[in-house]
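I have placed the structure first, in the form of structure tokens, so that the comments after it can refer back to it.
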Amino acid sequence: MRGESWNRVVVDEHILTENYRFLQGIAGSVPVLAMVKADAYGHGMIHAAKAFAKGGCRHFGVAELCEGVELRKGGVEGEIFVTIGFAASDASFFFDYSLIPVICTAAHAEALEQEAAKRGQPIAVHLKVNTGMGRLGLWPEEVEAFAEGLKKYPHLQIAGVMSHFPEADIPGSASTTAALEKFQPLRKWIKEKYNAIAHIANSGALFNHPEAYCDMIRVGIALYGSHPGGEKGLKETGSQGKLLPAMRFTSRILQVKKFPQGMTISYGCTFTTPKEMTIAVIPVGYEDGLERSRSNGGVVLVGGKRVPICGRICMNMCMLDVSAVSGVAVGDEVVLLGRQADEIITADEIAAETGTISHEVFCRFGRMNNHFIE
Ligand SMILES: *Cc1c(COP(=O)(O)O)cnc(C)c1O
Numbered sequence: 190m191r192g193e194s195w196n197r198v199v200v201d202e203h204i205l206t207e208n209y210r211f212l213q214g215i216a217g218s219v220p221v222l223a224m225v226k227a228d229a230y231g232h233g234m235i236h237a238a239k240a241f242a243k244g245g246c247r248h249f250g251v252a253e254l255c256e257g258v259e260l261r262k263g264g265v266e267g268e269i270f271v272t273i274g275f276a277a278s279d280a281s282f283f284f285d286y287s288l289i290p291v292i293c294t295a296a297h298a299e300a301l302e303q304e305a306a307k308r309g310q311p312i313a314v315h316l317k318v319n320t321g322m323g324r325l326g327l328w329p330e331e332v333e334a335f336a337e338g339l340k341k342y343p344h345l346q347i348a349g350v351m352s353h354f355p356e357a358d359i360p361g362s363a364s365t366t367a368a369l370e371k372f373q374p375l376r377k378w379i380k381e382k383y384n385a386i387a388h389i390a391n392s393g394a395l396f397n398h399p400e401a402y403c404d405m406i407r408v409g410i411a412l413y414g415s416h417p418g419g420e421k422g423l424k425e426t427g428s429q430g431k432l433l434p435a436m437r438f439t440s441r442i443l444q445v446k447k448f449p450q451g452m453t454i455s456y457g458c459t460f461t462t463p464k465e466m467t468i469a470v471i472p473v474g475y476e477d478g479l480e481r482s483r484s485n486g487g488v489v490l491v492g493g494k495r496v497p498i499c500g501r502i503c504m505n506m507c508m509l510d511v512s513a514v515s516g517v518a519v520g521d522e523v524v525l526l527g528r529q530a531d532e533i534i535t536a537d538e539i540a541a542e543t544g545t546i547s548h549e550v551f552c553r554f555g556r557m558n559n560h561f562i563e
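Put into structure tokens, the structure is as follows:
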């Protein structure tokens, strides 16, 4: 044990690289930007970005400025887009670390121009437009006037326009068609007027909306091996066996004991053994990302078999009914996410059980545990 936790998130870099290659293959000649925000959806930002780079990736996206700085400091080359803005007083970081700001306010433009003028160094910016996401961005009708207004900032170069779909994971969604109708004229305008690029597609659009590829596709969740359409999407798009989950979350067994019939398990005494049972304890609880709502409901893998969680999940432990698995011993591997022998627990399965999406499952396990890169 050497003093380290028995809980580990193991990320297979080779799978990340292969996922990138597979998705770039679908995109054809349109470059795929890897979204590596939120520590690459919990996979470890720098390692993940380097794995994608190995697959040919030259464009990366993060949310916050500090993430872009960390990525560059970690030795990642290529274009890095900061998509959600920044404090005006931090404008210098874009120059120091060669990052591309995505802007939608005059205050950001002003802050960048001041810094650029001071350094005598121009900077490329992309404009953010809200075409239906209802989040950050200029209204489509505002974009041309905003761009006009940037003329007074001689160091700012308009290099692109971007937007984001709220429902591209749903094939044929009306909001996707509507957003694209607003975006296509902007794409034409920015190409003609500034010779700049346009990008709006995410993982969902990569699979469902080739008409939305434009000049670049910003892919997140699919790179991590989760299809935006779940199991059904994997099958229907021929991605099965090609798009693979890269993250496993494993632990080890602390104790195995026979419990006689009629014993209660864990806080609240919510589970009573209906017969003699073999109960294993593992050092995983809600502080490790195992949601307490999965008490008496969640399943994990032991000895290549699916076994249920019994009783309430504690902060640092939970109990498993391993009666159906023979020879379970202290120190045996337990898999909470990923494959063990012929069985697998996917992020989509956990997401369906807990009423969320695979993005959140990866972020939770990845952010709350130590990483190991394979
Ligand atoms: C997170 C994000 C993406 C990637 O979305 P996925 O659904 O994970 O592919 C693309 N664009 C922006 C602006 C994002 O914030």
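According to this note's numbering, the sequence shown is numbered sequentially starting from 190. Ideal Cβ positions, reconstructed from N, Cα and C, are used throughout, including at glycine. Just so we're clear, the structure is a prediction, and the values are computed from it rather than from any experiment.
Checklist entry - DSSP three-state call for A362: helix, strand or coil? => result In the sequence as displayed, the identity of residue 362 is Ser instead of Ala. Reduced to three states, the DSSP call for S362 is coil.
Item to check | heavy atom of ligand 1 below 7 Å from I269 C-beta | outcome: No - ligand 1 has no heavy atom lying nearer than 7 Å to the Cβ of I269.
Next on the checklist: Helix, strand or coil, according to DSSP, for R324 in the structure here?
Outcome noted: Here R324 carries a coil assignment [DSSP, helix/strand/coil].
Item to check | Buried/exposed call for C499, threshold 16 Cβ in 10 Å | outcome: C499 comes out buried.
Next on the checklist: What residue range does the beta strand (DSSP E) around C507 cover?
Outcome noted: Here the beta strand (DSSP E) through C507 covers 507 to 510.
Next on the checklist: Measuring straight from C-alpha to C-alpha, what distance separates G267 and V314?
Outcome noted: When rounded, the distance between both Cα atoms is 15 Å.
Checklist entry - Would you call the stretch 464 to 475 and the stretch 505 to 513 touching, i.e. three or more CB-CB distances under 8 Å? => result At 8 Å Cβ cutoff, the stretches touch.
Checklist entry - Does DSSP classify F275 as helix, strand or coil? => result Three-state result, F275: coil.
Next on the checklist: Quick check on S547: does DSSP put it in helix, strand or coil?
Outcome noted: Residue state, collapsed to three classes: helix.
Next on the checklist: I need the straight-line Cα distance from H344 to E299, nearest angstrom please.
Outcome noted: When rounded, the distance between both Cα atoms is 10 Å.
Checklist entry - Which residue comes first and which comes last in the beta strand (DSSP E) that contains C337? => result Residue identity differs from the one stated: residue 337 is Glu in this sequence, not Cys. Counting along the chain, no beta strand (DSSP E) covers E337; the unbroken alpha helix (DSSP H) around it starts and ends at 332 to 338.
Next on the checklist: Let me check one thing: in DSSP terms, what residues is A313 bridge-paired to?
Outcome noted: DSSP lists Q346 as the beta-bridge partner residues of A313.
Next on the checklist: Quick check on the burial criterion: 16 or more other C-beta atoms within 10 angstroms. Buried or exposed for A276?
Outcome noted: The residue is exposed, with fewer than 16 neighbouring Cβ atoms inside 10 Å.
Next on the checklist: Is G393 near ligand 1 - that is, is its Cβ less than 7 Å away from at least one heavy atom of it?
Outcome noted: At least one heavy atom of ligand 1 is found less than 7 Å from the C-beta of G393.
Checklist entry - If we call anything under 8 Å between Cβ atoms a contact, is S392 one with G409? => result Going by C-beta atoms, S392 is nearer than 8 Å to G409.
Item to check | Presumed contact (8 Å Cβ cut-off) between S352 and A368, rounded CB distance | outcome: So it is a contact: roughly 7 Å between Cβ atoms.
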